[in-house]
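I have placed the structure first, in the form of structure tokens, so that the comments after it can refer back to it.
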Amino acid sequence: MDELLQLATDSGDDGHGEHSREVREGLEHWSVDLLFAAAPGDAPAAADPVALAAALEQAGHGDLTLAPPSASEDPTRPEAADAATPAALARRLGSAVDASILGVSRDVGAPPRWLLSRPAPFDRLALGDALSQSWWWPEAEAVLAGCRSRRRLVDDRMLGLDHKGRLRRMQQVLAACIEALRPEALHWPASEQLVEPSSFLASVREDDFRGLLPGAVNVRFFRLEYDGEAAGGEGHAELLMDTRGLSELGLIDLQCHFRGLDPEAVSRVLYSTAAYLFAEGRVIVAGNTVQGPGPRDAWLVRAGQALAPPRRPVLDLDPGFPFAAAEYPDSPAPDDETPS
878 MDELLQLATD
888 SGDDGHGEHS
898 REVREGLEHW
908 SVDLLFAAAP
918 GDAPAAADPV
928 ALAAALEQAG
938 HGDLTLAPPS
948 ASEDPTRPEA
958 ADAATPAALA
968 RRLGSAVDAS
978 ILGVSRDVGA
988 PPRWLLSRPA
998 PFDRLALGDA
1008 LSQSWWWPEA
1018 EAVLAGCRSR
1028 RRLVDDRMLG
1038 LDHKGRLRRM
1048 QQVLAACIEA
1058 LRPEALHWPA
1068 SEQLVEPSSF
1078 LASVREDDFR
1088 GLLPGAVNVR
1098 FFRLEYDGEA
1108 AGGEGHAELL
1118 MDTRGLSELG
1128 LIDLQCHFRG
1138 LDPEAVSRVL
1148 YSTAAYLFAE
1158 GRVIVAGNTV
1168 QGPGPRDAWL
1178 VRAGQALAPP
1188 RRPVLDLDPG
1198 FPFAAAEYPD
1208 SPAPDDETPS
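Throughout the sequence shown, residue numbering follows our numbering, covering 878 to 1217 in sequence.
Dropping the structure here:
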């Protein structure tokens, strides 16, 4: 499932390394959409806060409770998960919560919380390219055909947490909501990815919330066109693969603009590098090398701008001649392009 990405010959990008509004908002508030077959007016029994709290308790998350908005609030505003103190939050989320990280959250003025919206109509157009970029769930389109409503889970007051602690908490709360509400599908807007709920829960059991569970980061695939013409010409198609979701984690996304390589091999390089960045932080910089597909492959890391929306700085992985489709200042001239 790949997308045709049309680029202008002169992109005119004047972002100067800035993130788009979409990425900035995604960094401030992470969100996941839970999609349901029921219409908004026919929500499951656990749809209201009291019933949901009971369902969460039955699912083994009894300390996670949801409170309805006060009468003075806008009735369309999401309900807020009660997290009055760091100690209460620790009880809600279990022993995996790191008390030292919770101390950071106290310093930013208010304890973290999660917001769960009321059921709303599901608009398939809101998925954007997520369906075509959800590689690991081939049945996604058939499942979406039966979805009629969604609820959005959003985190709040989390900017004081490091990316590992913040994602771990979001994944814990999401697992609780999946067990309680039984959605048909999950949509992660930041990574443009659809995830099967049972696959997410299976990964929870294997990983115990330590790493990147399905949905947090995605690898996208595009075939390139410039001004309506296929890039690279016949037999030399230019391809682009990039990651989505790392920028919203406070890290940096990756991309590779290439030709003549197996996309699955490039995908493995991107995802393994993304997992390394998640585990170690922003330790890879321009001028470093990363392991390519083969044992002797060392790909140079360059600073770049994303070719595919949204606008954001990226680490550009250069596979070298003859596979690099991007033109770099030190790329060989055409007369020099002879295989060694």
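Every residue gets a Cβ at the ideal spot worked out from N, C-alpha and C, and that includes glycine.
Could you check which residue in the options has the C-alpha nearest to that of residue i?
i	options	result
S1011	L993, A997 and G1092	G1092
D843	N1095, R1028, L992 and L1030	No answer is possible for residue 843: it lies beyond the span of the chain, which begins at 878 and ends at 1217.
H1064	E1018, R1043 and A916	E1018
G918	V900, A997, G1037 and L1154	A997
A1067	L1078, R1121 and R1082	R1121
L1090	S1124, Q1049, A1062 and P1060	Q1049
D1000	Y1148, D1032 and A916	A916
R901	R1188, V909, E1016 and D1139	R1188
R1097	S1080, L1123 and V1081	L1123
G1037	E1056, G1181 and H906	H906
D1174	Y1205, F1198 and A1185	F1198
P1133	A1152, E1069 and A1180	Here residue 1133 is Cys; the residue named in the question, Pro, does not match the sequence. It is A1180.
E1016	E1073, P1186 and S1144	E1073
W991	K1041, C1054 and D1119	C1054
E1056	D1039, R995 and V1081	V1081
A840	K1041, L1002 and E895	Look at the range of the chain in this structure, 878 to 1217, and you will see that residue 840 is not part of it.
W1013	D1039, E1204, Q1182 and S1144	S1144
Could you name the residues that DSSP lists as bridge partners for residue i?
i	result
G1127	The partner list for G1127 (beta bridge, DSSP) is empty, contrary to what the question assumes.
Q1132	D1119 and D1193
A1180	L1192
F1098	M1118
D910	R1029 and H1064
V1072	L1063
Q1048	Partner(s): none; Q1048 has no beta bridge.
Q1168	A1175
A997	R1027
A1201	F1135
If residue i sits next to residue j, beta carbons under 8 Å apart, how far is it from one beta carbon to the other, in whole angstroms?
i	j	result
L1126	L1192	About 14 Å separates the two Cβ atoms, so there is no contact after all.
S1075	F913	Rounded, the Cβ-Cβ distance is 15 Å, inconsistent with contact.
L911	L1030	7 Å
F1135	P1190	Not confirmed; about 19 Å, so no contact.
L1051	V909	6 Å
E1061	C1024	6 Å
If the criterion is Cβ atoms closer than 9 Å, does the pair residue i and residue j meet it?
i	j	result
A1142	G1088	no
R1043	L993	no
P1172	V1146	no
E1115	A1202	yes
V1167	T1150	yes
L1078	L1101	no
L1021	L1071	yes
L1154	N1165	no
L1138	F1200	yes
L1184	R1159	no
D1032	R1046	yes
P1186	S897	yes
Is residue i close to the ligand NAP? I mean its beta-carbon at under 8 Å from any heavy atom of the ligand.
i	result
L992	The ligand NAP is not part of this structure, which contains no ligands at all.
So that I know if they touch, is there some Cβ in chain B lying closer than 9 Å to that of residue i?
i	result
T1150	The chain inventory of the structure shown lacks chain B, comprising one protein chain alone.
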